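Be aware that the sequence shown starts at 2, since it is given in our numbering, and climbs by one per residue. The beta carbon of each residue, even a glycine, is placed where N, CA and C say it ideally should be. Fair warning: this is a prediction, and the values are worked out from it, not measured in the lab. Read the structure below first, then the notes.
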Amino acid sequence: AMMATFRRYHLDHHTSQGVPGVDVDLPTRLEANLFQHKFGKFFWALNQPFFYSLRPLFVHPLPMNFYELVNWLVQIPFDIIVVKYLGWKSFFYLIGGLFMGL
């Protein structure tokens, strides 16, 4: 259920590029301080999809709109159907593909 949410944040990114607190592509001060050294950067790179996905919730949360609601109302039943008929391995395969594509 990322399409509608990503669109909103991506438009903000292009209209307010480089503005702290609005451009959620900028790492937070905490991220910059924690992941300065070689091993920290390696950990951050491995987990970048999680940071990229969760950062908007902390930096610039936006209220849910109609399209995001519809997106969730379609995505959740789809995920349930995948798990029911294809199993958890298939579900995690899709999640893994999602994060590899980020």
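Length of the line joining the Cα atoms of residue i and residue j
{"i": "residue 99", "j": "residue 50", "result": "9 Å"}
{"i": "residue 23", "j": "residue 53", "result": "14 Å"}
{"i": "residue 8", "j": "residue 26", "result": "13 Å"}
{"i": "residue 97", "j": "residue 20", "result": "31 Å"}
{"i": "residue 72", "j": "residue 33", "result": "32 Å"}
{"i": "residue 83", "j": "residue 95", "result": "10 Å"}
{"i": "residue 64", "j": "residue 3", "result": "14 Å"}
Buried or exposed by the 16-neighbour rule on C-beta atoms within 10 Å, applied to residue i
{"i": "residue 10", "result": "buried"}
8 Å Cβ cutoff met for residue i and residue j
{"i": "residue 69", "j": "residue 6", "result": "yes"}
{"i": "residue 80", "j": "residue 92", "result": "yes"}
Inter-residue CB distance, residue i and residue j (contact presumed, cutoff 8 Å)
{"i": "residue 75", "j": "residue 29", "result": "31 Å between Cβ atoms; not a contact."}
Extent of the continuous alpha helix (DSSP H) run through residue i
{"i": "residue 54", "result": "49-60"}
{"i": "residue 72", "result": "67-87"}
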